[in-house]
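The opening position of the sequence shown corresponds to residue 4 in my numbering, with each subsequent residue numbered one higher. Below you'll find the structure, written out as C-alpha coordinates, and then a few comments.
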Amino acid sequence: MEGKVIMGRIATRATRAALLAGLALGLSACGVNTVPTKEEAVKAKWGDVENQYQRRADLIPNLVATVKGFAAQEKDVLESVTRARASATQVTVDPSKLTDPAQVAAFDQAQGQLGQSLGRLLVTVEKYPELKSNENFLQLQSQLEGTENRITVARRDYNAAVQDYNTEIRTFPSMVAAKVIYGSKPIAPFKATTVNANTAPTVAF
(Lines of atoms letter the chains of each structure in order from A; the text may use other names.)
(Lines give C-alpha, C1' and ligand atoms only; values in the text may rest on other atoms or scores of the structure.)
Protein backbone atom coordinates (compact mmCIF):
# COMPACT_ATOMS: atom_id res chain seq x y z
CA MET A 4 0.00 0.00 0.00
CA GLU A 5 2.77 2.36 0.99
CA GLY A 6 4.57 1.55 -2.25
CA LYS A 7 1.51 2.55 -4.26
CA VAL A 8 1.33 5.88 -2.41
CA ILE A 9 4.99 6.59 -3.16
CA MET A 10 4.54 5.66 -6.79
CA GLY A 11 1.48 7.89 -6.97
CA ARG A 12 3.43 10.81 -5.60
CA ILE A 13 6.22 10.22 -8.08
CA ALA A 14 3.70 10.07 -10.92
CA THR A 15 2.08 13.30 -9.72
CA ARG A 16 5.43 15.08 -9.60
CA ALA A 17 6.32 13.79 -13.02
CA THR A 18 3.01 15.04 -14.36
CA ARG A 19 3.55 18.45 -12.83
CA ALA A 20 7.05 18.62 -14.23
CA ALA A 21 5.76 17.68 -17.66
CA LEU A 22 3.03 20.32 -17.45
CA LEU A 23 5.53 22.99 -16.37
CA ALA A 24 7.87 22.00 -19.16
CA GLY A 25 5.01 22.12 -21.62
CA LEU A 26 3.93 25.52 -20.30
CA ALA A 27 7.45 26.89 -20.58
CA LEU A 28 7.75 25.55 -24.11
CA GLY A 29 4.38 26.99 -25.02
CA LEU A 30 5.25 30.41 -23.62
CA SER A 31 8.55 30.34 -25.45
CA ALA A 32 6.78 29.50 -28.68
CA CYS A 33 4.44 32.43 -28.08
CA GLY A 34 7.36 34.87 -27.99
CA VAL A 35 7.45 35.43 -24.24
CA ASN A 36 11.23 35.81 -24.46
CA THR A 37 11.55 37.06 -28.03
CA VAL A 38 9.38 40.15 -27.63
CA PRO A 39 11.33 41.76 -24.75
CA THR A 40 14.63 40.74 -26.34
CA LYS A 41 13.77 42.56 -29.55
CA GLU A 42 12.47 45.54 -27.60
CA GLU A 43 15.76 45.83 -25.74
CA ALA A 44 17.58 45.61 -29.08
CA VAL A 45 15.60 48.63 -30.30
CA LYS A 46 16.46 50.60 -27.16
CA ALA A 47 20.14 49.76 -27.60
CA LYS A 48 20.05 51.02 -31.18
CA TRP A 49 18.30 54.17 -30.01
CA GLY A 50 21.14 54.70 -27.55
CA ASP A 51 23.57 54.49 -30.46
CA VAL A 52 21.57 57.14 -32.33
CA GLU A 53 21.63 59.49 -29.36
CA ASN A 54 25.36 58.97 -28.85
CA GLN A 55 26.17 59.88 -32.45
CA TYR A 56 23.99 62.98 -32.42
CA GLN A 57 25.61 64.04 -29.14
CA ARG A 58 29.02 63.52 -30.72
CA ARG A 59 28.00 65.93 -33.48
CA ALA A 60 26.68 68.45 -30.98
CA ASP A 61 29.98 68.31 -29.09
CA LEU A 62 31.90 69.24 -32.25
CA ILE A 63 29.85 72.34 -33.00
CA PRO A 64 31.20 74.81 -30.39
CA ASN A 65 34.76 74.33 -31.64
CA LEU A 66 33.59 74.47 -35.25
CA VAL A 67 31.72 77.73 -34.67
CA ALA A 68 34.67 79.23 -32.79
CA THR A 69 37.07 78.29 -35.59
CA VAL A 70 34.85 79.75 -38.30
CA LYS A 71 34.27 82.87 -36.23
CA GLY A 72 38.02 83.45 -36.05
CA PHE A 73 38.14 83.85 -39.83
CA ALA A 74 34.61 85.00 -40.63
CA ALA A 75 33.20 86.92 -37.67
CA GLN A 76 31.04 88.92 -40.09
CA GLU A 77 28.98 85.77 -40.76
CA LYS A 78 27.15 86.44 -37.53
CA ASP A 79 23.70 85.31 -38.69
CA VAL A 80 24.93 81.92 -39.88
CA LEU A 81 26.98 81.32 -36.74
CA GLU A 82 24.10 82.27 -34.45
CA SER A 83 21.73 80.07 -36.44
CA VAL A 84 23.94 77.03 -35.84
CA THR A 85 24.29 77.85 -32.16
CA ARG A 86 20.53 78.21 -31.72
CA ALA A 87 19.84 75.01 -33.65
CA ARG A 88 22.33 73.13 -31.48
CA ALA A 89 20.70 74.45 -28.30
CA SER A 90 17.26 73.38 -29.54
CA ALA A 91 18.43 69.96 -30.68
CA THR A 92 20.13 69.12 -27.39
CA GLN A 93 16.97 70.02 -25.48
CA VAL A 94 14.79 67.56 -27.40
CA THR A 95 15.27 64.06 -26.03
CA VAL A 96 13.21 60.87 -26.06
CA ASP A 97 13.19 58.43 -23.17
CA PRO A 98 13.52 54.85 -24.52
CA SER A 99 10.21 53.98 -22.86
CA LYS A 100 8.51 56.63 -25.04
CA LEU A 101 9.69 55.34 -28.41
CA THR A 102 6.13 54.16 -29.05
CA ASP A 103 5.09 57.82 -29.33
CA PRO A 104 5.56 58.89 -32.98
CA ALA A 105 5.22 62.57 -32.04
CA GLN A 106 8.21 62.46 -29.69
CA VAL A 107 10.41 60.63 -32.18
CA ALA A 108 9.34 63.06 -34.93
CA ALA A 109 10.14 66.08 -32.73
CA PHE A 110 13.61 64.69 -32.01
CA ASP A 111 14.15 63.97 -35.70
CA GLN A 112 12.98 67.43 -36.74
CA ALA A 113 15.26 69.19 -34.25
CA GLN A 114 18.25 67.19 -35.44
CA GLY A 115 17.29 67.79 -39.07
CA GLN A 116 17.18 71.55 -38.49
CA LEU A 117 20.62 71.42 -36.90
CA GLY A 118 21.89 69.49 -39.92
CA GLN A 119 20.52 72.16 -42.25
CA SER A 120 22.15 74.94 -40.23
CA LEU A 121 25.45 73.10 -40.36
CA GLY A 122 25.08 72.74 -44.11
CA ARG A 123 24.61 76.50 -44.51
CA LEU A 124 27.66 77.15 -42.33
CA LEU A 125 29.82 74.84 -44.39
CA VAL A 126 28.67 76.48 -47.61
CA THR A 127 29.66 79.83 -46.14
CA VAL A 128 33.17 78.51 -45.51
CA GLU A 129 33.64 78.32 -49.29
CA LYS A 130 34.19 82.09 -49.32
CA TYR A 131 37.20 81.90 -47.00
CA PRO A 132 40.22 80.08 -48.50
CA GLU A 133 42.36 80.63 -45.41
CA LEU A 134 39.71 79.03 -43.22
CA LYS A 135 39.36 76.09 -45.57
CA SER A 136 43.08 75.37 -45.22
CA ASN A 137 43.23 75.93 -41.45
CA GLU A 138 44.51 72.80 -39.70
CA ASN A 139 42.02 72.98 -36.84
CA PHE A 140 39.13 73.42 -39.26
CA LEU A 141 40.32 70.52 -41.39
CA GLN A 142 40.42 68.27 -38.32
CA LEU A 143 36.93 69.33 -37.27
CA GLN A 144 35.72 68.85 -40.84
CA SER A 145 37.06 65.29 -40.86
CA GLN A 146 35.50 64.50 -37.47
CA LEU A 147 32.17 65.95 -38.56
CA GLU A 148 32.17 63.93 -41.76
CA GLY A 149 32.88 60.73 -39.83
CA THR A 150 30.16 61.56 -37.31
CA GLU A 151 27.58 62.23 -40.02
CA ASN A 152 28.38 58.86 -41.55
CA ARG A 153 27.96 57.17 -38.16
CA ILE A 154 24.65 58.97 -37.68
CA THR A 155 23.43 57.58 -41.00
CA VAL A 156 24.43 54.06 -39.97
CA ALA A 157 22.89 54.42 -36.49
CA ARG A 158 19.58 55.63 -37.93
CA ARG A 159 19.52 52.78 -40.43
CA ASP A 160 20.27 50.19 -37.73
CA TYR A 161 17.60 51.67 -35.45
CA ASN A 162 14.97 51.53 -38.19
CA ALA A 163 15.93 47.93 -38.98
CA ALA A 164 15.56 46.95 -35.30
CA VAL A 165 12.21 48.76 -35.13
CA GLN A 166 10.93 46.93 -38.20
CA ASP A 167 12.05 43.62 -36.71
CA TYR A 168 10.30 44.35 -33.41
CA ASN A 169 7.10 45.69 -34.96
CA THR A 170 6.85 42.66 -37.22
CA GLU A 171 7.38 40.34 -34.25
CA ILE A 172 4.56 41.80 -32.15
CA ARG A 173 2.13 41.72 -35.06
CA THR A 174 2.64 38.13 -36.17
CA PHE A 175 1.51 34.86 -34.62
CA PRO A 176 2.44 33.37 -32.23
CA SER A 177 4.48 36.25 -30.70
CA MET A 178 1.50 38.58 -30.89
CA VAL A 179 -0.08 36.52 -28.09
CA ALA A 180 2.70 37.38 -25.63
CA ALA A 181 2.91 40.93 -26.97
CA LYS A 182 -0.78 41.62 -26.29
CA VAL A 183 -1.59 39.43 -23.29
CA ILE A 184 1.63 39.63 -21.27
CA TYR A 185 3.42 42.82 -22.28
CA GLY A 186 0.77 45.07 -23.80
CA SER A 187 3.29 45.89 -26.51
CA LYS A 188 2.80 48.80 -28.89
CA PRO A 189 4.53 49.49 -32.22
CA ILE A 190 7.70 51.57 -31.94
CA ALA A 191 8.10 54.63 -34.14
CA PRO A 192 10.82 54.56 -36.81
CA PHE A 193 12.62 57.57 -38.22
CA LYS A 194 10.93 59.35 -41.09
CA ALA A 195 12.24 62.34 -43.04
CA THR A 196 10.51 65.36 -41.49
CA THR A 197 12.65 68.00 -43.19
CA VAL A 198 14.30 68.20 -46.59
CA ASN A 199 17.73 67.19 -45.32
CA ALA A 200 16.73 65.22 -42.25
CA ASN A 201 18.40 62.06 -43.52
CA THR A 202 21.15 63.75 -45.55
CA ALA A 203 24.51 64.51 -44.02
CA PRO A 204 25.88 68.00 -44.70
CA THR A 205 28.54 68.07 -47.39
CA VAL A 206 31.83 68.78 -45.66
CA ALA A 207 34.33 68.03 -48.41
CA PHE A 208 35.86 70.97 -50.26
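Think of the CB as a built atom: it goes at the ideal place given N, C-alpha and C, for glycine as much as any other residue.
query: Grouping DSSP H, G and I as helix and E and B as strand, with all else coil, what is Thr3?
result: Since the displayed the chain opens at 4 and closes at 208, residue 3 lies outside it and no answer follows.
field: Arg123 versus Val96 - alpha carbon distance
entry: Walking along the sequence shown from the start, residue 123 turns up at place 120. Walking along the sequence shown from the start, residue 96 turns up at place 93. Their Cα atoms are separated by approximately 27 Å.
message: Buried or exposed for Ala175, going by 16 or more other Cβ atoms inside 10 Å?
response: What you label residue 175 is simply residue 172 of the sequence shown in a count that begins at 1. It should be noted that the sequence gives Phe, not Ala, for residue 175. Burial call: exposed.
message: According to DSSP, is Tyr161 part of a helix, a strand, or is it coil?
response: For the purposes of this step, residue 161 is taken as the residue at position 158 of the sequence shown. The answer is helix: DSSP assigns Tyr161 an H, G or I state.
field: CA nearest to the CA of Ile172, picked from Ala164, Lys188, Asp160
entry: Taking the first residue of the sequence shown as 1, we reach residue 172 at position 169. The shortest C-alpha to C-alpha distance from Ile172 to any of Ala164, Lys188, Asp160 is the one to Lys188.
field: Beta-carbon proximity of Ile190 to Val35, cut-off 8 Å
entry: Working through the sequence shown from its first residue, we reach residue 190 at position 187. Working through the sequence shown from its first residue, we reach residue 35 at position 32. Val35 is positioned such that its CB atom lies no closer than 8 Å to that of Ile190.
message: In this structure, how does DSSP classify Val35 when only helix, strand and coil are distinguished?
response: Against the sequence shown, residue 35 aligns to sequence position 32. In this structure, Val35 counts as coil in the three-state DSSP scheme.
message: For Pro98, which residues in the same chain have their Cβ closer than 6 Å to its Cβ, ignoring the five residues on either side in sequence?
response: Start at 1 with the first residue of the sequence shown, and residue 98 comes out as number 95. Excluding residues within five positions, the ones whose Cβ falls inside 6 Å are Lys46, Trp49.
- prompt: Can you tell which of Gln76, Ala164, Lys130 has the C-alpha that lies nearest to the C-alpha of Glu43?
  reply: Reading the sequence shown from its first residue, position 40 is the one you call residue 43. Nearest of Gln76, Ala164, Lys130 to Glu43, Cα basis: Ala164.
- prompt: Using DSSP with H/G/I as helix, E/B as strand and the rest coil, what is Leu101?
  reply: Taking the first residue of the sequence shown as 1, we reach residue 101 at position 98. Secondary structure of Leu101 (DSSP, three-state): coil.
- request: Flag this pair as yes or no: are the beta carbons of Ser90 and Ala113 separated by less than 8 Å?
  value: The sequence position of residue 90 within the sequence shown is 87, counting from 1. The sequence position of residue 113 within the sequence shown is 110, counting from 1. Yes. Within cutoff.
task: Apply the 10 Å Cβ neighbour rule to Asp224 and answer buried if 16 or more other Cβ atoms are within range, or exposed otherwise.
output: Here the chain has residues from 4 to 208 only, and residue 224 is not among them.
field: Unbroken alpha helix (DSSP H) run spanning Ala89, endpoints
entry: The count along the sequence shown starts at 1 and reaches residue 89 at position 86. Unbroken alpha helix (DSSP H) run through Ala89: 78 to 93.
query: According to DSSP, is Val96 helix, strand or coil?
result: By 1-based counting over the sequence shown, the position of residue 96 is 93. The answer is coil: DSSP assigns Val96 none of H, G, I, E or B.
Residues of its chain near Lys194, where Cβ-Cβ distance is below 6 Å and the 5 sequence neighbours each way are ignored: As a working mapping, residue 194 is identified with position 191 in the sequence shown. Excluding sequence neighbours, Lys194 sits near nothing in its chain.
- prompt: Grouping DSSP H, G and I as helix and E and B as strand, with all else coil, what is Asn137?
  reply: For the purposes of this step, residue 137 is identified with residue 134 of the sequence shown, where counting begins at 1. In the structure shown, Asn137 adopts coil according to DSSP, grouped into three states.
task: Look at the Cβ atom of Phe73, then the Cβ atom of Asn137, and state whether they are nearer than 8 Å.
output: In the sequence shown, the residue the question calls residue 73 occupies position 70. In the sequence shown, the residue the question calls residue 137 occupies position 134. Cβ atoms of Phe73 and Asn137: closer than 8 Å.
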